[in-house]
Amino acid sequence: VDYMEISVNNNALFVARSVYADLADVGVASLRQKKKGQFVLTLGGGDASESYTVEVTFDENLVRQRTLMSNEAKQVMQRTTYFASQSMDK
């Protein structure tokens, strides 16, 4: 994945390269509302033993978390939590 843009109610969110830059062979994408005001973008990719699922959790202000799961091992391989920088809070 070379680029990802996320917006909520016409408000574009900052998406760090670490959210998407290592994703390859994405074949499936879905979007759902997790709870009021919080959304999850699910991406599935890879092939055979290298297949993975990534969940990107975000709200109207910020990409909050990225979770990478191995489809073969059925376990979380990496979880990254994102916080707003002080410059974004101003």
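The opening residue of the sequence shown carries number 24 in our numbering; numbering runs sequentially from there.
The beta-carbon is built from N, C-alpha and C at its ideal position, and this holds for glycine as well.
The model shown is predicted, which means the values in this text are computed figures rather than measured ones.
Check: Lysine 58 CB to nearest heavy atom of the ligand PLP below 7 Å; Outcome: Summarising the ligand content, the structure contains no ligands, and the ligand PLP is consequently not present.
Check: Backbone secondary structure at glutamate 73 - three-state DSSP; Outcome: helix
Check: Leucine 54: first and last residue of the uninterrupted beta strand (DSSP E) it sits in; Outcome: 51-58
Check: Beta-carbon proximity list for asparagine 32, same chain, < 8 Å, skipping 5 on both sides; Outcome: Glu83
Check: Beta carbon of leucine 85 nearer than 8 Å to that of alanine 71; Outcome: no
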